[in-house]
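Per this note's numbering, the sequence shown runs over residues 13 to 587.
Right, one structure below, let's go through it.
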Amino acid sequence: MLQGWHRGEKAIQRKLQYDGAMAHGYTWIEGEMPEQHRTFHTTRLPFIPVTTLDSSGRPWSCILAGPSGKPGFVSSPNWDRLDMNVRVWEGDPFKENVESFRDGKMLMAGIGIEFSTRRRNKFAGHVFELRQIGDTYQLKMVVNQAIGNCPKYINVRELGPHPDTKPFVAYNKTWLLPSERLPDELIAFVHAADTVFIGTSYKALKEDEAQFPSHVGQNQRAGKPGYMRVMPSDGRTVVLPDYSGNRLLTSLGNIEATPVASLSYVDFVTGDILYLTGDACTLVGSEAQAVMPRQNVVTLVAVTGYILVKDALPVRQRPGTGVERSPYSPPVRLLAEETVSSSSYLDDQIIVTLSSIELHSNELATFTWDTCKPIHILPGQTAILDMTDLVGARQYAHMAAYNPTSVNDDRIRTWTVSSVHLSPEGTKTFSLTMRQKPGGVATGALFGIARRLAELRPELMKDCRPLNLELKLVGIAGDFILPKSISLGEDMKKMRVSMVWFAGGIGLTPFLSMLKAITGTDSTDDIQWDIVLALSTREPEVLMSLINAALRGDGAPDLRLVVDVFFQPTPSPLA
């Protein structure tokens, strides 16, 4: 039974301001396995990721499975015991790490996941007996930590046995030089993955080891493919965003105290397994956002060793089945290093004030904002606003069955700028044309204000500044823009530009900005524009009026614009 949080867990909980709420959360972790955990581990799992340490104390997330690729390779003779009969293939770090068993004890932790049901349970303890017969190992383990985990981010897969494997080691470099990078194939492997098994270690200080003995941990993280990134600058630092969870923070706490971690990735179609280990740290707040904009907590693992074993896992995703993505997973966010040069996330706080509103229909409106200092926006780019001051900060919720995306709602919203701003000095105003999203927190608040003003104070629609509605501008982003030389009005003599644009409904907004740029500068006089816009909409009259307004620029371009409108009238209710 745990006697409290160790120093690393306390430190990260303080950083994230969870220390009060989670002061007694350690009591959720049991000192032995409940009966349902024992049944789960012994009957439901075709493989188990486990953390063990190498001779240098680095964790590796190994993959243990029975020879058949079926459940049943684990038994549990007692509440605190797991016995395993596993086959270990060449290249899995377990083969090397068992050398540390020579003193009769080897720290080990695991996580069992049933991917078809999203059930998962963790355990930790130590191996006290180990036998090797060829590539088969019989091990007996004492479990002194056990906890069930939430299924929130697990991607559902239908897995089946695939015992006919021929594992071979494609890469094996367990120590990297400081200047070395991961091979491109391995970086692509990380970027393609939607699941990672993360191993951590807590090495107790001498004065703490009686109350908080050393142990290892094994966990799992998941999201949408591409949510884990590798820094282009060094080609070896993996960045994991940390999503809203149960706030126990045992993995991040271990990293806080002992800054190392392991990452293992499985390709469930091919059976390939990528093992990584390295130095780790967790960044919070502005430090995290400097690495991955709009992400408040990230873990960085600077890889010091890697192994890739192909055709290893004796379990595969069943042919003809797909992956059911978790509805809780946030959108993929790129690193600051990966964003296009024309995008800018603002270090200085820029406040924007609502200055006017124009309602085009009950669900479509343009909101214009004044900025406290000049900013630069290219035609087609987006403005990123922090809506917290309008709608309030998100309250913690572990699960939200009827609105799963809300648990990671950071109140940050992105809309395409529909106005144009060509001055090299920048602009102190911009407009956002948007549609109200059904059930949307941010658009619901904005449209609620618009409708109330239109009803009660219509004179304020043209000048909303007395409302003093202020928000923070997080940044200007996007690379879906006109060619930069055109956007900035640079001289392009005798050039013919032909483009086909496709827009669905409010997806028209970047093209409004582009049309205004084309018609709003005299430097395009010698450019012949030939544009076809295919527009799909339920409101052709409303959107065509916006297009006509965008064509009223001061320039005199040689422009041929053809708009093909595709729409299906909304059926009238039966009388």
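For glycine and all other residues, C-beta sits at the position ideal for the given N, C-alpha and C.
Please read all numbers here as calculations on a predicted model, not as lab measurements.
Open item on the list: Can you list, in chain order, the residues of its chain with a C-beta nearer than 6 angstroms to that of H372? Leave out the 5 residues immediately preceding and following it.
Closed with: V554
Task: Residues of its chain near P244, where Cβ-Cβ distance is below 8 angstroms and the 5 sequence neighbours each way are ignored - done: L347, E349 and E350
Task: CB contact flag (S73, P58, <8 angstroms) - done: no
Open item on the list: For T400, which residues in the same chain have their Cβ closer than 6 angstroms to its Cβ, ignoring the five residues on either side in sequence?
Closed with: R423
Open item on the list: How far does the alpha helix (DSSP H) with I267 in it extend, from its first residue to its last?
Closed with: T262 to A269
Task: Buried/exposed call for T333, threshold 16 Cβ in 10 Å - done: exposed
Task: In DSSP terms, what F578 is bridged to - done: S548
Task: Backbone CA spacing between E126 and H49 [nearest angstrom] - done: 12 angstroms
TODO: Output yes or no for whether 8 angstroms exceeds the beta carbon distance between D284 and K236.
DONE: no
TODO: Drop a sphere of 10 angstroms on the beta-carbon of W101, count the other beta-carbons inside from all chains shown, and report buried for 16 or more, exposed for fewer.
DONE: buried
TODO: Identify which residue in F280, S256, Y255 and L295 has its Cα closest to the Cα of E268.
DONE: L295
Open item on the list: For a test of the three-state rule: what should DSSP assign to F117, helix, strand or coil?
Closed with: A small fix is needed here, since residue 117 is Lys in this sequence, not Phe. Note: K117 maps to coil in three-state DSSP.
- [ ] Determine the direct distance from the alpha carbon of L520 to that of E389, and round the result to whole angstroms.
- [x] Reading the sequence as shown, one finds Ile at residue 389 and not Glu. Each residue's Cα considered, the two are about 17 angstroms apart.
- [ ] Spell out whether any CB of chain C is found under 8 angstroms from the CB atom of R508.
- [x] Protein chain content of the structure displayed is limited to a single chain, and chain C is not contained in it.
TODO: Work out the CA separation of L483 and E336 for me, nearest whole Å.
DONE: 36 angstroms
- [ ] Pull up the CB-CB distance for M96 and L76, whole angstroms please, since I reckon it's below 8 angstroms.
- [x] 6 angstroms
Open item on the list: Quick check: what's the CA-CA separation for G146 versus I159?
Closed with: 33 angstroms
TODO: Keeping to the same chain, check which residues put their C-beta closer than 6 angstroms to that of V432; ignore five residues upstream and five downstream.
DONE: P391, S525, K528, A529 and G532
- [ ] Buried or exposed for T39, please, with buried defined as at least 16 other CB atoms from any protein chain shown within 10 angstroms of its CB.
- [x] exposed
TODO: Just mark L171 as buried or exposed, buried being the case when its beta carbon has 16 or more other beta carbons within 10 Å.
DONE: buried
Task: CB-CB length for R93 against K134, believed under 8 angstroms - done: Incorrect: roughly 16 angstroms between the Cβ atoms, too far for contact.
Task: Run of the alpha helix (DSSP H) containing L198, from where it starts to where it stops - done: D196 to A204
Open item on the list: Taking the beta carbon of A222 as the centre, do at least 16 other beta carbons fall within 10 Å, making it buried, or is it exposed?
Closed with: exposed
Task: G69 versus I166, Q448, V453 and S213, residue with shortest Cα-Cα distance - done: S213
Open item on the list: With a threshold of 7 angstroms on Cβ separation, who are the neighbours of L458 within its own chain once the five nearest residues in sequence on each side are excluded?
Closed with: F379
Task: Spatially closest choice to Y149 from G37, S263 and F85, by CA coordinates - done: F85
Open item on the list: Distance check for L288 and V313, CA to CA, integer angstroms please.
Closed with: 9 angstroms
Task: With 16 other Cβ atoms within 10 Å as the buried cut-off, status of K164 - done: buried
TODO: Go through the region 67-148 residue by residue and report every complete run of the beta strand (DSSP E) that reaches 3 residues or more, in order.
DONE: 71-77, 93-99, 118-126 and 131-145
Task: Distance between I24 and Q15 (C-alpha atoms, nearest Å) - done: 18 angstroms
Task: Bridge partner(s) assigned by DSSP for R328 - done: G172
Open item on the list: What does the Cβ neighbour count give for H36, buried or exposed, with the cut at 16 atoms within 10 Å?
Closed with: exposed
Task: Reference R477, options T455, Q301 and S367, closest by Cα - done: S367
TODO: Helix, strand or coil for A377, going by three-state DSSP, please let me know.
DONE: strand
- [ ] Assign Y414 to buried or exposed, taking buried as 16 or more other Cβ atoms, counted over all protein chains shown, within 10 Å of its Cβ.
- [x] The predicted model places Y414 with a pLDDT of 47, which falls under 50 and marks its position as unreliable, so this point remains unresolved.
Open item on the list: Could you pull the DSSP bridge partners for T439 from this structure?
Closed with: I387
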